[in-house]
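Q:
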Amino acid sequence: MSAKAEISWKRRTAEGTKLEVYARHVGSRWRFYARQRRFEPWQAVEQPPLEDWLELLDAVQRRIRRRLLRPEEADRLRQTIRERFPDHES
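Position 43 (the sequence shown) corresponds to 588 in my numbering; numbering is contiguous.
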């Protein structure tokens with residue numbers, strides 16, 4: 546698996562539980578996975594929250610600055626966020 550295709554981060558849920566999240570770029574889509582503990586299996590997240598999409602966008606922008614991803618990827622990701630969350634201003 547290439548570093549370009551996978552981005553991960555940690556966050557807390559509304560209940561305060563730690564959650565490890567990663568997004569994998571497959572074709573033209575991003576697929577999200579999450580788990581609570583290190584040795585638990587990854588579970589696919591069908592409807593990731595806006596918080597995860599914004600975290601992914603931030604990580605993609607950092608990778609673009611380091612020339613690990615193409616600039617068009619940030620535009621595609623912003624478009625996906627607009628489609629999924631029309632009320633959000635980006």
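Note that the Cβ used here is the ideal one computed from N, Cα and C, for glycine as well.
#1: I need the DSSP call for A568, collapsed to helix, strand or coil.
#2: Terminal residues of the continuous beta strand (DSSP E) containing R580?
#3: Which residues mark the beginning and the end of the alpha helix (DSSP H) in which Q592 is found?
#4: Run the CB neighbour count on V571, radius 10 Å, all protein chains shown included, and call it buried at 16 or more, exposed below.
#5: If I measure Cβ to Cβ from L622 and keep anything under 6 Å in the same chain, skipping five residues before and after, which residues do I get?
A: Let me lay it out:
#1: Strand, per DSSP.
#2: Start and end: R574 to R580.
#3: No alpha helix (DSSP H) holds Q592; DSSP gives it neither H nor E.
#4: By the neighbour-count rule (16 or more Cβ atoms within 10 Å), V571 is not buried but exposed.
#5: The answer, listed in chain order, is L602 and V605.
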